[in-house]
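Student: Have a look at this one.
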Amino acid sequence: MRAFGTVVCVLMLLTAALSGQQRRVPAPPKLPPLSYTCVHHPDVLEDKPGVCPLCKLTLTPVRLDSSWMCPVHTAVIETNRGTCRLCQRQLVPVTVSLTWSCRADNASHLEPGLCSDGSPRIEQRALRPHGNHNPRHGGQFFMAPDNWHHIEGAYPIARTFRLYVYDDYGRPLPADKLKDVEARVTSTIDDAVEFAQNAPDPAPEEAVTDLYA
Ligand SMILES: [Zn+2]
Ligand SMILES: [Zn+2]
Ligand SMILES: [Zn+2]
């Protein structure tokens, strides 16, 4: 009976210790899944480990998440939609890579956790290549065929076409790099006819109205 009592006591102590521990360590947040990318080809993204289809290098894990960034102050990256705290511009949706680090060292981790001094690791959200596909001038935004440059074509006023060129992070290309870019704009009557022929069918509401008429 005494032995039984001791066991119960030990069990109660253990339970207390465990629940104490649970209270100290916050419940792990739901993390976005790991993706796998190539250090040389960040446009390569796989959902499982492997090698890069372009250069055969072993893919490295990244944790990608959606965030909101100021189109001007790219250091302003928030988890929720809203306006920039510096300039009040509307934040635009971007893809960031999520890491955690400690003040004591620069090592970055793919999971939150505790630092050697017991403090929690600090979450870092960094814009990743191809994470910003937002037009900046009200035009259409494309990835160039080299999978590195990005271009935006805008048609602000009649007879004026403007082409903007960006880097892999969606930053405007510096003027000295711009002279290396060759571009050709083609617009023909045939294109316009083809576009009109491939235009989508009338809106479903109209189709439904026809059906019941
Ligand atoms: Zn590669
Ligand atoms: Zn701003
Ligand atoms: Zn891109």
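Taking the working numbering, I'd label the letters of the sequence shown as residues 92 to 304.
Every residue gets a Cβ at the ideal spot worked out from N, C-alpha and C, and that includes glycine.
1) Taking only the alpha-carbon atoms, compute the straight-line gap between A108 and E214 and give it to the nearest angstrom.
2) Chain B beta carbons: is any one of them nearer than 8 angstroms to that of V187?
3) With DSSP as the reference, identify every bridge partner of L125, one or two as the case may be.
4) Is L189 helix, strand or coil when you go by DSSP?
5) Indicate the three-state DSSP secondary structure (helix, strand or coil) for A235 in the structure shown.
6) Let me know the secondary structure DSSP gives A266 once reduced to three states.
7) Nearest CA to the CA of G222: which residue from S210, A245, D156?
8) Name the DSSP beta bridge partners of E169, please?
9) Look at the alpha carbon of L150 and the alpha carbon of I248, and state the distance between them as a whole number of angstroms.
10) Have a look at E202 and P123 and give me their C-alpha separation to the nearest angstrom.
11) Straight-line CA distance for C161 to A266?
12) Examine ligand 1 and report whether any of its heavy atoms sits within less than 7 angstroms of the Cβ of H132.
13) So the beta strand (DSSP E) V256 belongs to, where does it begin and stop?
14) In the DSSP assignment, the beta strand (DSSP E) including H241 goes from what residue to what residue?
15) Mind checking whether the beta-carbon of H164 lies closer than 7 angstroms to any heavy atom of ligand 5?
16) Ends of the beta strand (DSSP E) at E214?
17) Using only CA atoms, which one of V187, C206, T186 lies nearest to C193?
18) Tell me whether the beta-carbon of R154 lies closer than 8 angstroms to the beta-carbon of L182.
19) Taking 7 angstroms as the cut-off, is the beta-carbon of R180 closer than that to any non-hydrogen atom of ligand 2?
20) Between H224 and G173, how many whole angstroms is the CB-CB distance? I'm expecting something under 8 angstroms.
21) DSSP three-state label for V299, please.
22) Do V272 and F252 have their C-beta atoms closer together than 8 angstroms?
Tutor: This is what the structure holds:
1) Confidence at A108 is low in this model, with a pLDDT of 47, below 50, so the placement of that residue should be treated as unreliable; the coordinate-derived value is given next. Going by the C-alpha atoms only, they are around 29 angstroms apart.
2) Reference to chain B is not applicable here, since this structure consists of a single protein chain.
3) R154
4) strand
5) coil
6) helix
7) D156
8) W159
9) 45 angstroms
10) 10 angstroms
11) 22 angstroms
12) yes
13) 253 to 257
14) 241 to 245
15) With respect to small molecules bound, the structure shown includes ligand 1, ligand 2 and ligand 3 and not ligand 5.
16) 213 to 218
17) C206
18) no
19) yes
20) The Cβ separation is near 20 angstroms, so there is no contact.
21) Any reading at V299 must be qualified, since the residue scores a pLDDT of 35, below 50, and its modelled position is unreliable; no value is offered.
22) no
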